[in-house]
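Here is the structure we will look at, set down as structure tokens.
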Amino acid sequence: MPSKQRAWWLLGLVAACLLLANALPAWQKLWFVTETGRISSSNTLTALLLMGLYLRWHPARALLIILTGLSLLVTVFALSYPHPGHMLGYAITAPLHLVALAVLLFSTDIRHYLAGRQRSAQS
């Protein structure tokens, strides 16, 4: 499979993980907080940064790494905090954030895909 096609599949995996992790609090609020609690996520920012990745905007990768790392940090903190209940949502989103972060950090195909625009712009 060509590198560009692998990069698109990996970007699809990252997009699915991040969009699902951001949509879960809206669908199942009680998995995260009590009925009177409030939780929100950055759906619009994540969608814009994912579009930036597909359009080969190079800073989108670094910004998504930072955003996903912070989300994972908050999730791990919420899981480690000793409180009863409301752990299911965090237990589901933690692996999703971890997979997305690992792919963004360690995928050479995504790095080459993003570098392709810079090479074509320099020509």
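Residues in the sequence shown are numbered from 637 upward in steps of one, following the working numbering.
All C-beta atoms, glycine included, are put in the ideal place defined by N, C-alpha and C.
Everything numeric in this text was worked out from a predicted model, so none of it was measured.
As assigned by DSSP and simplified to three states, the class of residue i
i: Y690; result: helix
i: F742; result: helix
i: P661; result: helix
i: V712; result: helix
i: P695; result: helix
i: T680; result: helix
i: H722; result: coil
i: P731; result: helix
i: I675; result: coil
i: V669; result: coil
i: Y749; result: helix
Through-space distance from residue j to residue i, alpha-carbon basis
i: A727; j: L649; result: 19 Å
i: H694; j: Y749; result: 10 Å
i: A651; j: W667; result: 22 Å
i: M723; j: R692; result: 36 Å
i: T704; j: L741; result: 11 Å
i: K640; j: P718; result: 44 Å
i: T744; j: R642; result: 10 Å
i: A657; j: A714; result: 15 Å
i: R747; j: S716; result: 33 Å
Rounded Cβ spacing between residue i and residue j (contact assumed at less than 8 Å)
i: T682; j: L655; result: 7 Å
i: V712; j: A730; result: 7 Å
i: L699; j: L708; result: Not confirmed; about 15 Å, so no contact.
i: V739; j: L646; result: 5 Å
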